[in-house]
């Protein structure tokens, strides 16, 4: 997709971070923007920023863990604009802890948002986008966690590996059937966002049954390290720039800095050689 002016963008997870940056960059490219998130206060702030750019947004509070909520988002977008040209399935959450200590509700929440949020976006929007029979693009936000495996974040890594696999399958399906839709997968490194504070926007139906269930030392250490790493991370706007460059180039993989790619290459070598997994972390 080469032209963005007067086209329609839908962005989930738009209340902050990469989602907000994608929404604002969409507006700067001349697109009309539909923003969605479960965090309504953050959504309102993104809408205000879009208004400042002279681009009033359609705000649709959306819980991406619920298929009917994403269906309602698609209905709202098509009712208002009649088309969607850029879909950014971006909502994401994270918690830490050893795989045997992470409460089952956390697995359900993380997979519900990070994985099924993308599934619901694909199912709600792609059939309608195909019916438009015009150029369009889907961007699914995964992570460098989709191509690496680090300890004490099992649920998050699982969810992002699944997004990568779904996106690769979708790529082949769209190209093999000769459609006008394209797809990219965004794999950010540590970005200066508020994802480590995901708990603030957790839906009630996925709340922890036991509030003390996640009080392990490993969980606390992981979230502290994540918070510190993100403070040194790239600005979300860098990711938005990468996304629009990739959409223009019809480039599938939107990857990270070299230190993360080195970890990915080490993992591939482990698999190729049949050796045990190598523990390594990116240079900071």
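Residue numbers (our numbering): 9 to 292. Note that CB positions come from ideal geometry on N, CA and C, so glycine has one too.
Proximal residues to residue i (C-beta, below 6 Å), its chain only, five neighbours per side dropped
{"i": "residue 120", "result": "73"}
{"i": "residue 161", "result": "104"}
{"i": "residue 278", "result": "285 and 286"}
{"i": "residue 132", "result": "78, 79 and 82"}
{"i": "residue 168", "result": "150, 151, 153 and 154"}
{"i": "residue 53", "result": "none"}
{"i": "residue 178", "result": "191"}
{"i": "residue 69", "result": "48"}
{"i": "residue 134", "result": "none"}
Between the CA atoms of residue j and residue i - distance to the nearest angstrom
{"i": "residue 188", "j": "residue 175", "result": "16 Å"}
{"i": "residue 81", "j": "residue 283", "result": "46 Å"}
{"i": "residue 26", "j": "residue 245", "result": "7 Å"}
{"i": "residue 258", "j": "residue 143", "result": "11 Å"}
{"i": "residue 11", "j": "residue 124", "result": "30 Å"}
{"i": "residue 166", "j": "residue 57", "result": "34 Å"}
{"i": "residue 91", "j": "residue 183", "result": "21 Å"}
{"i": "residue 122", "j": "residue 281", "result": "31 Å"}
{"i": "residue 242", "j": "residue 115", "result": "27 Å"}
{"i": "residue 138", "j": "residue 192", "result": "16 Å"}
{"i": "residue 51", "j": "residue 65", "result": "10 Å"}
{"i": "residue 197", "j": "residue 84", "result": "32 Å"}
{"i": "residue 249", "j": "residue 30", "result": "8 Å"}
{"i": "residue 216", "j": "residue 185", "result": "43 Å"}
{"i": "residue 95", "j": "residue 251", "result": "12 Å"}
{"i": "residue 62", "j": "residue 88", "result": "18 Å"}
{"i": "residue 256", "j": "residue 194", "result": "14 Å"}
{"i": "residue 247", "j": "residue 263", "result": "10 Å"}
{"i": "residue 102", "j": "residue 118", "result": "6 Å"}
{"i": "residue 99", "j": "residue 59", "result": "22 Å"}
{"i": "residue 213", "j": "residue 22", "result": "21 Å"}
{"i": "residue 28", "j": "residue 75", "result": "22 Å"}
{"i": "residue 180", "j": "residue 268", "result": "25 Å"}
{"i": "residue 265", "j": "residue 9", "result": "25 Å"}
Nearest residue (CA-CA) to residue i, options the options
{"i": "residue 260", "options": "18, 147 and 77", "result": "147"}
{"i": "residue 45", "options": "20, 39 and 272", "result": "20"}
{"i": "residue 40", "options": "17, 50, 25 and 23", "result": "17"}
{"i": "residue 254", "options": "145, 214 and 100", "result": "145"}
{"i": "residue 170", "options": "181, 186, 179 and 150", "result": "150"}
{"i": "residue 97", "options": "89, 88, 113 and 129", "result": "129"}
{"i": "residue 163", "options": "273, 177 and 113", "result": "113"}
{"i": "residue 42", "options": "54, 67 and 49", "result": "67"}
Opposing strand residues paired with residue i [DSSP bridges]
{"i": "residue 120", "result": "Answer by DSSP bridge pairing: none, since residue 120 is not bridged."}
{"i": "residue 35", "result": "For residue 35, which the question treats as bridged, DSSP gives no partner whatsoever."}
{"i": "residue 209", "result": "Looking at the DSSP assignment, residue 209 forms no beta bridge with any residue, so it has no partner."}
{"i": "residue 145", "result": "94 and 190"}
{"i": "residue 43", "result": "19 and 67"}
{"i": "residue 179", "result": "Answer is none; residue 179 lacks a bridge partner."}
{"i": "residue 164", "result": "Residue 164 is not bridged to any residue."}
{"i": "residue 261", "result": "193"}
{"i": "residue 105", "result": "161"}
Close beta carbons around residue i, own chain, < 7 Å, minus the five adjacent residues each side
{"i": "residue 71", "result": "46, 77 and 211"}
{"i": "residue 209", "result": "46 and 47"}
{"i": "residue 55", "result": "43, 65 and 67"}
{"i": "residue 140", "result": "91"}
{"i": "residue 273", "result": "none"}
Close beta carbons around residue i, own chain, < 8 Å, minus the five adjacent residues each side
{"i": "residue 275", "result": "155, 156, 157, 285 and 286"}
{"i": "residue 289", "result": "158 and 271"}
{"i": "residue 14", "result": "38, 39 and 40"}
{"i": "residue 127", "result": "174"}
{"i": "residue 86", "result": "92 and 136"}
{"i": "residue 172", "result": "150, 154, 155, 193 and 195"}
field: Inter-stretch contact (C-beta, 8 Å, three-pair minimum) for the segment 17-35 and the segment 103-111
entry: no
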